[in-house]
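One structure is given here, and the rest of the page talks about it.
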Amino acid sequence: MGTPAVGDVGERLRRSRTKRDFAVTSEPTGTAPPPSDGHRFVVQRHRARRLHYDLRLEAAGVLLSWAVPKGPTLDADVRRMAVHVEDHPLDYFDFEGVIPAGEYGGGDVVVWDWGTWSLAAGDDALAAVDAGDLHFDLAGEKLHGRFVLVRRGRQRGGGNGNEWLLIKKADDGAVAGWDPEGHLRSVKSGRTNEEVAAAPAASWSSAATWAAPTSDELAALDGMGTSGRWRLGEHTLRLTNLDKVVFPARSASTAVTKRDLIRHNATMGPVMLPYLAGRSVDMYRSPNGVDGLRIWHKAAGRAPEWLGRWRDEEAAAGAMTGHVLIDTPAALAWAANSGVVELHPWTSAIGAITQPTWAVIDIDSHPEGTFDDMVVLARLHRIALDHLHVRSALQLNGIRGLQIWIPVAAGHSVGSTDEWVRQVSTAVGATVPALAGADGDGRRRSDVTRRGNTGHLGHRAVVAPFSTRAGPGGPVAVPISWDELDDPDLAPDRFTVATIGERLRTVGDPLAPLVGQQQQLPPLT
Ligand code: MN
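Residues 69 to 593 in the numbering used here are what the sequence shown lists, from first letter to last.
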């Protein structure tokens, strides 16, 4: 998208109270997932060491799976080799994202096709697989009609018995010369593998990719003295000063020690990492607790070898260019042990740092502003965003303010996204001049940082959901739903290290469904 033309968003806001204008809609970019009735199929295009397509048929509570190197085709004259591989768990069904290099299947994955399937005869899919002969019909977005999977005989050079053939039968669904490589885009997101690889963190949400620490691992942390070696997942960490107070107590809460912070970061890994992995992260350190010295920490420095790193090739000459990547629960635990009390990921992923995946509207408080003022401003932004058919969620920033998080499709620049946010907030501010800040744009003050000291033009960083903030009691940034604005007990620092677990168990993360949404920002004309 280019820079939006200056339009009268204020007029749109006023009109929105009396009349809905459906002329502005975002581009449809994906299709609805198939019904979860036990007969779904999916084909994932997977650029691993070798490109292949994974055909998966849901049966008996698993995904029966074949890897098809050249991909399925609608051409009835072509036979495709298909390697029968291990069954996959059902929660892999709509996985789209990047499997880290070094792990099994490392590479990028898109949901190339999905739909429902049925056996052509009989109803026992597992018996048909055992027999090596499966006739079935697909009803997908790309693939239609009758297909056959047949195991190749060993006497014909079929190797270990895992080699099958995938054949399209001649029927109404057959298309001569049809090539899957001519139909690359995801049916889930509209993206190509290249686009998913460029914005990997945008795609992790639907897969339980990061494991929380086991009870044995947590028991080992709890049982450790003031320092020691802690094995977490694949990595061993050297932990120090575990009983040092990082966050002093506030009112009813107890003080939060470094051990508590390490436990928080490690256990929050599965919900935090969708916002952190694949991004550079600005880290706010308080090595002697949040009452002491605080410094921004960006360089990789003396971080352990196993931490992921990224070098900003586009940074200005002489600028710090070595960045640590926080992409595992162990990396989160390392950050906590290093005195990091706030994690601020960039709004763009490292594969495309000039293209944000989030637009964040920060509604922060001037010293004289009240939280009630911010709630009013947030509600007005919601009217504007609803009017524009833009999906968003809120985050309590853990200290004083509120943020609105808007998922953004690949292709928007930092500048055009900033300008779009500025125009929306200016229109909102114009309706409540008494509340709008000096900029007159209803944002009060920007907490979405524009720090120039990385030497890179134009990146933005914002505190991660579930990151602690440098305040007493160990407050935590927490996504909330729009309806929670009506909660009379709402406060920006309401949730802490001590209470966030219960919050997640009862409410979950209202922002998570928006991760990776490919949303076009509509022109404001
Ligand atoms: Mn695969």
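Glycine included, each C-beta is placed from N, C-alpha and C at the ideal position.
- With respect to the C-alpha of Q588, the residue from A127, G479, Y160 and I548 having the closest C-alpha is G479.
- The beta carbon of A427 sits closer than 6 Å to those of I474, V476, T485 and V489, all from its chain and outside the five residues before and after it, given in chain order.
- Inclusion of G173 in the 7 Å shell around ligand 1 follows from its C-beta lying nearer than that to a non-hydrogen atom of the ligand.
- When DSSP states are grouped into helix, strand and coil, D577 belongs to the coil group.
- For H449, the uninterrupted alpha helix (DSSP H) segment begins and ends at F439 to H455.
- Comparing alpha-carbon positions, the option among G539, L375 and R147 lying closest to A244 turns out to be R147.
- The straight-line gap separating the alpha-carbon atoms of W180 and L252 is approximately 7 Å.
- DSSP places R490 inside the alpha helix (DSSP H), whose first and last residues are V482 to T499.
- Burial check for I472: the Cβ neighbour count within 10 Å reaches 16 or more, so the residue is buried.
- Of the heavy atoms belonging to ligand 1, none sits nearer than 7 Å to the Cβ of H365.
- Around the beta carbon of S535, 16 or more other beta carbons sit within 10 angstroms, so the residue counts as buried.
- By the criterion of a C-beta distance shorter than 6 Å, E263 is surrounded in its chain by A478, once the five residues flanking it on both sides are discounted.
- Under the three-state reduction of DSSP, G291 is assigned to helix.
- The Cβ neighbour count for N465, taken over all protein chains shown within 10 Å, is at least 16; the residue is labelled buried.
- Partner residues in the beta bridge of D122, as assigned by DSSP, are Q112 and A135.
- For D155, the CB stays at least 7 Å from every heavy atom of ligand 1.
- For W402, the enclosing alpha helix (DSSP H) stretches over residues P397 to N405.
- Note that the segment 102-120 touches the segment 177-197; at least 3 beta-carbon pairs, one per stretch, sit closer than 8 Å.
- About 6 Å separates the beta carbons of E209 and T99, which is inside the 8 Å limit, making them a contact pair.
- For T593, the closest of H455, D554 and A502 by C-alpha to C-alpha distance is H455.
- Between R297 and T308, the gap from beta carbon to beta carbon reaches 8 Å or more.
- Counting other Cβ atoms within 10 Å of its Cβ, V177 reaches 16 or more and is therefore classed as buried.
- Going by DSSP, V151 is part of the beta strand (DSSP E) stretching over R147 to H156.
- Secondary structure of I467 (DSSP, three-state): coil.
- Between the C-alpha atoms of G139 and G165 there is a straight-line separation of about 19 Å.
- DSSP places G183 within a strand segment (E or B) once states are collapsed to three.
- About 7 Å separates the CB atoms of P547 and L462; that is less than 8 Å, so the two are in contact.
- By the criterion of at least three beta-carbon pairs nearer than 8 Å, the segment 494-504 is in contact with the segment 437-456.
- For the set G541, R219 and R459, the Cα lying nearest the Cα of T325 is the one of G541.
- In this structure, L286 sits away from M340, with a CB-CB distance that is not shorter than 8 Å.
- G542 sits in coil when the DSSP states are folded into three classes, being neither helix nor strand.
- The criterion of a C-beta distance shorter than 8 Å is satisfied by G390 and R377.
- Judged by the Cβ position, D162 fails to qualify as a neighbour of ligand 1 at the 7 Å threshold, every heavy atom of the ligand being at least this far.
- Between T422 and S348, the C-beta gap is not smaller than 8 Å, which leaves the two residues out of contact.
- Annotated three-state conformation of W246 is coil, per DSSP.
- Of the candidates L579, D577, F563 and G337, the residue whose Cα lies closest to the Cα of A320 is F563.
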